[in-house]
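What follows is one structure encoded as structure tokens, with my remarks underneath.
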Amino acid sequence: MEKTTLPHDPYNVIITGVGGQGNVLASKVLGNILVAKGMDITIGETFGATQRGGSVMSHLRISAVSSWSPQIPRGMAHVVIALEPIEALRVLSDYGNPETLVISNDRPVYPVGVIRGEMDYPEEAALRERLKTFSRTLVLIPATDEAVKLGAPILANIILLGVLAGTGVLAFDRNHFSRVISRMMPPERVEINMKAFDVGMRMI
Amino acid sequence: MSTITRGSPGESMLLQGNEAIARGALEAGVQVAAGYPGTPSSEIVESLARAAEERKLYVEWSANEKVALEVAAAASFSELRSLAAMKQVGVNVAADFLLHLAQYGTRGGMVLVSCEDPGALSSTNEGDSRQYARMMEFPLLEPGDFQEAKEITKWAFELSEEIHNVVMVRSVTRMSHASGKVTLGKLPKKGAKARFRYKGSLTGEMEGPVASMPNSVFVLHKRQQDKLRKAAEIFESSPFNKYTGPERPDLLIIASSVCWLYCKEALQLLGIGHRVGLLKLGTTWPLPRRLLEKHLSATDRVLVVEELLPFLEENVKVLGAELSERIGSIRFYGKRDGTLPSVSELSPDRVATALSTLLSVSVPSPPEEYHKGVQEAADAGAPPRMITFCPGCPHRASFWSIHNALAMDDRKGFVCGDIGCYSMGLYPAGFETLKTLHAMGSGTGLASGFGKLGQFGLNQPVLSVCGDSTFFHAAMPALVNAVHNQSDIIMVVLDNSGTAMTGFQPHPGLSQDAMGRTAPAIDIAAICRGMGVHVNICDPFDLDQTRSTLLQMLEHGRGVQVLVLKQMCALSPEKKSKKPYEMSLDPDICLGEACGCNRLCTRVFGCPGLVWDKKIKKARIDEVICVGCGVCASICPAGAIQKREAA
């Protein structure tokens, strides 16, 4: 089993989005990749009622030494991966710090209040500026657009994992992903997930 | 292959807390498991059901939690190891049987897993089922991490067989729905053979009728308390109770469950591990007296960290009072004095805040400027997400018709709600149609009562809604009650063909059982007709027919009437990713704000797939989100929304 050195221990990653965007699957895939690399992983998530159009979050604690609380303390996220851009900002407001790396999809999913015309969804430029201000590095990419090109918008989650691999902060690659996804997916879904991962890797 | 049978002994895997519990049961040789779905407990029975064929188990989704506990108990009475799993409210449903079960005792090892939801992340309450262990006098175990979730469950079966009583394992959402590293143990080779030895005396332990009668109560009750004393003695040396910290700490923390992880994190965050002792208890009822005495003697300040009611805190305080002459005076901190919040869940931050006050240390946090700035940015730029029905959800269409029919009827009719996704009918998502919401089945029970208040002047039409799974769980007795007592109600069954909210577990109305085998489906409409009720059946996506049927029923008004609104859940595996219609919105026909509909489609209907485009001031279909149910085409007065059958 290969060991990896972590930039911090525990290294804290939050994957966020809106219920139904494949948040839980993304956290499971990443968790399994890191377990296979010999890491001790704790993942905390919420699902159930929160799934119905609500904000969802998975907290990943990555450690070489022990398991940690399934909730990350406030202000202690090292990486935020967002399937929806305002969710990135929401997570930063609780868990961000000036050193947080943000990898976010740029595709909005409008809250019901916005759909009803009661609230405003921020302008793209303003949102980008805010995310940039409150992160060390912002990677904002059209993951849903790319996923639609592959034939299924749900693949945005895997594209973002590809981007994460591309940044090199967690030292995993296509092979690690391939081994895990082949175990977790029915055979006919593996190729399209590999393609999505590759798209993400190339986007960084 | 099921996740919980994958991997070999000694191998470490990433398992969800619920999977770890299920794996522990498998390693203990469980043969029968039953439950009723409820977040955060559902994955325990689900994982066991997937392992059923391979491990030769019998696993079922029971009609409700009481029946689940009875099914599991029958296996125990027949000398097999069995498990029942449910969420906190389910234990209330099962409680009557549980009282009798715990009094008589068990034969094969029997474990009741209760998964609770501090913070009500997916519940309508913060019920604390640990109280049952004290109230009904049986042992309670609480795992502190994922490995322990497996080990403690496995050991619970052994304990149950040693004392011949049911053992409760209590988990919480942050344990059940979190995942961590678990090192696997061996799976046993062969299961036991079932036999029910009913010959013998009423108070026989391993043979004789399994029964509680008035003349045997004192014998059984005394025997039950002896079992509890035996458990307390075993707990004195349990490896699930661990202490870390200095010999004589400034402050002793006593914690259970996932709070142990929060405490460890908080101590590390504050850098005070050398001053503070952490006693983690896995055996929380009955408390091991000598172990507590040893640790209470070493300090004069104690903080109890737990979620929900101050159960552990009170029990430790009682012991403290009994031991006071030997342990000296202790200042206790916890929920009762407000050191920790008495509602909602805890977190590393909440524990750290409490500790920082008690020990005068500061909590590390991001620079004030960043913190303030990002809060303001999120307040201004991240509009909140109120939960809503999914795109294509039949409940949105059902509530649209119910709401409109009641408005047209104009007699201030109201709907009593029930438990499921459709509970969101209280919110704008369901046009605020529901006016009561309590326990499973309570909608129709309350309606039955409201429907008898005509003689006191209540002249508003009374409706109830309930889902298909809820119908079988607890709404049937309420319906029987309403029919027999001639209440005037309309019960609307929102039949979406599955226990949708918890992940499509089958129920008695479906032709498949928990293990995927073919099962007789019980027809809801036929049950109602069997009670002599007139039943209408509509597709809720047909808004006109549903509304006019409801209006006719409202006009009829007398006695019990049932309307079954049948349409499969948008997320059901059969339906997912299949669009029946391609939807389009013709911007030339949409009149926008000039229409006079006051943005009925987006402002009121509120489907996530149909958005108000502020730039063009017209509605627009969001292709990525729309699932093509076709309903919105029926609500646009201008006819701008069109549906075309998908290829």
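Keeping their order, the protein sequence lines are chains A and B.
Each residue of the first sequence is one higher than the last, beginning at 164 in the numbering used here.
Each residue of the second sequence is one higher than the last, beginning at 1299 in the numbering used here.
Glycine is no exception: its CB is placed at the ideal position from the N, C-alpha and C atoms.
- The C-alpha of Ile1551 (chain B) is placed about 16 Å away from the C-alpha of Phe1538 (chain B).
- Taken in chain order, the complete alpha helix (DSSP H) segments of 4 residues or longer contained in the stretch 195 to 261 of chain A are 248 to 258.
- In the assembly as shown, Ile1914 (chain B) is an exposed residue. Its beta-carbon has fewer than 16 other beta-carbons within 10 Å.
- Taking C-beta atoms under 8 Å as the contact rule, Ser1374 (chain B) and Met1408 (chain B) qualify, at a distance of about 4 Å.
- Assigned with DSSP and collapsed to three states, Ala1361 (chain B) falls in coil, not helix or strand.
- Burial check for Asp1716 (chain B): the Cβ neighbour count within 10 Å reaches 16 or more, so the residue is buried.
- One thing to note: Leu1355 (chain B) has its Cβ within 7 Å of the Cβ of Gln1329 (chain B).
- Counting along the chain, Asn175 (chain A) sits inside no alpha helix (DSSP H); it lies in the beta strand (DSSP E) bounded by residues Tyr174 to Val181.
- With 16 or more other Cβ atoms from the protein chains shown falling within 10 Å of its own Cβ, Pro1838 (chain B) counts as buried.
- With its beta carbon at least 7 Å from every one in chain B, Met357 (chain A) lies outside the interface.
- Put simply, the CB of Thr205 (chain A) is near chain B, with a gap under 7 Å to one of its CB atoms.
- At a cut-off of 7 Å between C-beta atoms, Val243 (chain A) does not count as an interface residue with respect to chain B.
- Judged by their CB atoms, Gln1859 (chain B) and Pro1692 (chain B) are not nearer to each other than the 7 Å cut-off.
- The alpha-carbon separation between Pro305 (chain A) and Leu333 (chain A) amounts to approximately 22 Å.
- Residue contact with chain B for Ile266 (chain A): absent (no Cβ-Cβ distance below 7 Å to any residue of chain B).
- With contacts defined by Cβ atoms closer than 7 Å, Leu1638 (chain B) and Glu1424 (chain B) do not form a contacting pair.
- Using a Cβ-Cβ distance cut-off of 8 Å, the stretch 1480 to 1488 of chain B and the stretch 1593 to 1602 of chain B are not in contact, since fewer than three pairs of beta carbons, one from each stretch, lie closer than that value.
- Given a length threshold of 3 residues, each whole run of the beta strand (DSSP E) inside the stretch 1401 to 1438 of chain B is given here in chain order: 1408 to 1414.
- The residue from A:Met347, A:Thr330, A:Leu327 and A:Ala310 with its alpha-carbon nearest to that of Lys358 (chain A) is A:Ala310.
- Between Ala1676 (chain B) and the set A:Pro248, A:Ile278 and A:Glu351, the nearest pair of CA atoms involves A:Pro248.
- With a 10 Å radius around the Cβ and a threshold of 16 neighbouring Cβ atoms, Asn320 (chain A) comes out buried.
- Inclusion of Val1464 (chain B) and Ala1454 (chain B) in the CB contact set at 7 Å is not warranted, their separation being larger than that value.
- Sequence-distant Cβ neighbours of Ala1418 (chain B) in its own chain, meaning closer than 7 Å and more than five residues away, are Glu1424.
- The beta-carbon distance between Met1813 (chain B) and Val1357 (chain B), rounded to whole angstroms, is 6 Å. This is short enough to meet the 8 Å contact definition.
- Within the stretch 1758 to 1779 of chain B, no residue places its CB atom closer than 9 Å to a CB of chain A.
- Burial state of Gly1690 (chain B) is buried, judged by a 10 Å Cβ sphere holding 16 or more other Cβ atoms.
- For Tyr1668 (chain B), the uninterrupted alpha helix (DSSP H) segment begins and ends at Glu1666 to Gly1679.
- Rounded to the nearest whole angstrom, the CA to CA distance from Thr1742 (chain B) to Asp1811 (chain B) is 26 Å.
- In the structure shown, Glu1563 (chain B) falls within a helical segment according to DSSP collapsed to helix, strand and coil.
- At least 7 Å separates the beta-carbon of Ile1788 (chain B) from that of Gly1749 (chain B).
- The alpha-carbon of His1519 (chain B) is positioned some 10 Å away from that of His1398 (chain B).
- Using a Cβ-Cβ cut-off of 7 Å, Tyr273 (chain A) counts as an interface residue toward chain B, since at least one Cβ of chain B sits closer than that to its own.
- DSSP places Tyr1720 (chain B) within a helical segment (H, G or I) once states are collapsed to three.
- In the structure shown, the three-state DSSP call for Asp1766 (chain B) is helix.
- An exposed status is given to Lys1874 (chain B), since fewer than 16 other beta-carbon atoms sit within 10 Å of its beta-carbon.
- Here DSSP, grouped into helix, strand and coil, assigns Arg1495 (chain B) to coil.
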